[in-house]
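Since the structure comes first, as structure tokens, the remarks are kept for the end.
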Amino acid sequence: RTAAGATSLKDLQGMRAKLRLLPATLVVFACSTATTCGASPRLLFADSAAHLSGARLRGSPPASQDTCRSRSPSPVSSLTCRGAPANRVSFPPMRGGKGGPAEHKFKVPIWEGVLNYVNLWPFKGAKALNSGDATIDTTQEGKDDLSGELRKSITKLYGMHIADDGSRVDYEALGACEQFEQYKTLARRLKLVDVAAMSEQEKVAFFVNTYNSLLIHAFADLGTPSDMLSRLRLYAVSQYDIGGQIYSLNEIENGILRGNAKPPTPNAKVPFGPEDPRAKLVCKKPDPRIHFALNCGAKGCPAIRYYKAESLDKELDRAAGAFCGGIEVDKEAKKVRLSQIFEWYWTDFAPKGDKEAMLRYVSSHLGGDRKEALEQVMSSGKY
């Protein structure tokens, strides 16, 4: 199917062969969640399987430290598997609405959502979450950019429905309140945005802000997923109409911000084909620091900040410093523990398998005692 929605014969060709990959793909996905903290002998990666358990905002109390953390951990404690058996991964409960995950709201079956995520299924069964008529609010023109307005609106709603101790978010109540309807009216204006007119920095800031807003919108409208395959489906079917083109969470992250790169999953293909009009809009020089700005909805994710094009470099540096500051360095054992995001997106930060280059990248965003400890381990050459 083309971006405009028309089905073509070319899209149908080879679909039978792609469907044969489904069983193997699902098996590999399932096996990939069996990794444990400390699986590698020296350079360790904390498990990130439970990365949709709810997000934390700046100023909110820290969440409890009794389970493995997530895709984008920031504090040191978020990198440690606690309360889990030595060879098993601990999955924290989802923080959805009352009664648990609202899985019934997903209209797309899991198998189709997973194939959508790895870009092996051309048919998109879900509609954009900002569908409906879009109108321009002339009273807001020139006051702020649209992605900034969305971010401010959704984080205000988030703050209204997060528990006092930061342990859970009542997405059911968030989705039912009057202010959320106002947010959705605002989100429809994304249809009027001209992405092609944006500079590279404007594009990065815009899509990071929009991604973080879309994720919370998806939790409120669709519910929080209950397992790993459901999470992949959420990334594939949660989407906005932006400037007349449909963008899912997966397509924003891997298509636009990562320069049309394959998702870090088995058998995946690039989000945009050569004839896809969105392929012309991808970032020409992808910045790996976007991984420290995207909020994946987990307790340990970075705060949902507002990124501005004019100060983007400084803001991404600050996000990188906070994220990389979460590493654990054991100078005596010559071991370094990193977030699993560095393993998933290794080639975004350093050549594949080059541990020294990876640690040099992390060190470049550190300071003080932690930087000194890491460089001491690196200088030994035995990590």
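If you want the working numbering, it's the position in the sequence shown, counting the first as 1, plus 24. Just so it is clear, CB atoms sit at the ideal spot from N, CA and C, and this is done for glycine as well. Just so you know, these numbers come straight off a predicted model, no measurement behind them.
- Message: Mapping the DSSP letters down to three states, classify E356 as helix, strand or coil.
- Response: Coil, per DSSP.
- Item | DSSP state of L68 mapped onto helix, strand, coil | DSSP, reduced to helix, strand and coil, places L68 within a strand of the structure shown.
- Message: For the pair the region 255 to 263 and the region 233 to 243, tell me if three or more CB-CB distances fall below 8 Å.
- Response: The region 255 to 263 vs the region 233 to 243: in contact.
- Query: Is DSSP giving R361 helix, strand or coil here?
  - Reply: Correct three-state label for R361: strand.
- Item | Best match in L246, I276, G267 for proximity to A229 [C-alpha to C-alpha] | Ranking L246, I276, G267 by Cα distance to A229 puts I276 first.
- Return the first residue and the last residue of the alpha helix (DSSP H) that I270 is part of. From DSSP, I270 is part of no alpha helix (DSSP H) but of the beta strand (DSSP E) over 269 to 272.
- Span of the alpha helix (DSSP H) around I240: Where I240 is concerned, the enclosing alpha helix (DSSP H) starts and stops at 224 to 246.
- Assigned exposure category for Q269 - 16 Cβ within 10 Å defines buried: Buried is the label assigned to Q269, since at least 16 other Cβ atoms lie within 10 Å of its Cβ.
- Determine the DSSP secondary structure at I328, reduced to helix, strand or coil. Of the three classes helix, strand and coil, the one that applies to I328 here is coil, per DSSP.
- Inter-stretch contact (C-beta, 8 Å, three-pair minimum) for the region 196 to 206 and the region 242 to 256: Segments in contact, yes.
- Task: State buried or exposed for L398, treating a residue as buried only when at least 16 other CB atoms are found within 10 Å of its CB.
- Result: Answer is buried; the Cβ neighbour count reaches 16.
- Message: Given a cut-off of 7 Å on the beta-carbon distance, is the pair R302 and L340 in contact?
- Response: Going by C-beta atoms, R302 is not nearer than 7 Å to L340.
- Cβ of A285 less than 7 Å from any chain B Cβ? The chain inventory of the structure shown lacks chain B, comprising one protein chain alone.
- Item | Option nearest R212 by Cα separation, candidates M222, I186, G156 | Comparing alpha carbon positions, the residue from M222, I186, G156 closest to R212 is G156.
- Item | Span of the beta strand (DSSP E), counted from its first residue to its last, around D372 | First-last for D372: 370 to 373, but that is the alpha helix (DSSP H), not the beta strand (DSSP E).
- Determine, using beta-carbon pairs with one atom in the region 217 to 231 and one in the region 330 to 338, whether at least three such pairs fall under 8 Å. The region 217 to 231 vs the region 330 to 338: in contact.
- Message: On the criterion of 16 or more Cβ atoms from any shown chain inside 10 Å, does E136 qualify as buried, or is it exposed?
- Response: With 16 or more other Cβ atoms within 10 Å, it is buried.
- Query: Which parts of the region 193 to 220 are runs of the alpha helix (DSSP H), unbroken and 4 residues or longer, counting only runs that do not cross its ends?
  - Reply: Segments of the alpha helix (DSSP H) lying fully in the region 193 to 220: 195 to 200, 202 to 211.
- Check whether the region 294 to 309 touches the region 388 to 397, counting contact only when three or more Cβ pairs, one atom from each stretch, lie closer than 8 Å. Between the region 294 to 309 and the region 388 to 397, the count of Cβ pairs shorter than 8 Å is below three; the stretches do not touch.
- Query: Any idea what DSSP makes of I351, helix, strand or coil?
  - Reply: I351: coil per DSSP, three-state reduction.
- Item | Assigned secondary structure, D337 (DSSP; H/G/I helix, E/B strand, else coil) | Note: D337 maps to helix in three-state DSSP.
- For M402, which residues from the same chain have a beta carbon less than 8 Å from its beta carbon, with the 5 sequence-adjacent residues on both sides left out? So the qualifying residues of the chain are E380, L383, R384, S387.
- Query: Can you name the start and end residues of the alpha helix (DSSP H) that I178 belongs to?
  - Reply: Start and end: 170 to 185.
- Check the DSSP bridge columns for Q263 and list the partner residues they point to. In the DSSP output, where bridge partners are listed per residue, Q263 has S272.
- Message: Beta-carbon within less than 6 Å of K286's beta-carbon, same chain only, minus the 5 sequence neighbours each way: which residues are those?
- Response: If we look at K286 and ignore the five residues flanking it on each side, its Cβ neighbours are A292, V294.
- Quick one: any contact between the region 168 to 179 and the region 203 to 217, if contact means 3 or more CB pairs under 8 Å? Segments in contact, yes.
- Thinking C-alpha only, which one of G297, G279, A357, N140 is nearest D311? Out of G297, G279, A357, N140, G279 has the C-alpha closest to the C-alpha of D311.
- Output the boundary residues of the alpha helix (DSSP H) element that contains A381. Where A381 is concerned, the enclosing alpha helix (DSSP H) stretches over 379 to 387.
- Task: For the alpha helix (DSSP H) containing L390, list its first residue and its last residue.
- Result: For L390, there is no enclosing alpha helix (DSSP H), since its DSSP letter is neither H nor E.
- Inter-residue Cα distance where the pair is P116 and N140: Annotation note: pLDDT 29 at P116 (below 50); position unreliable, coordinate value reported separately. One C-alpha to the other measures close to 26 Å.
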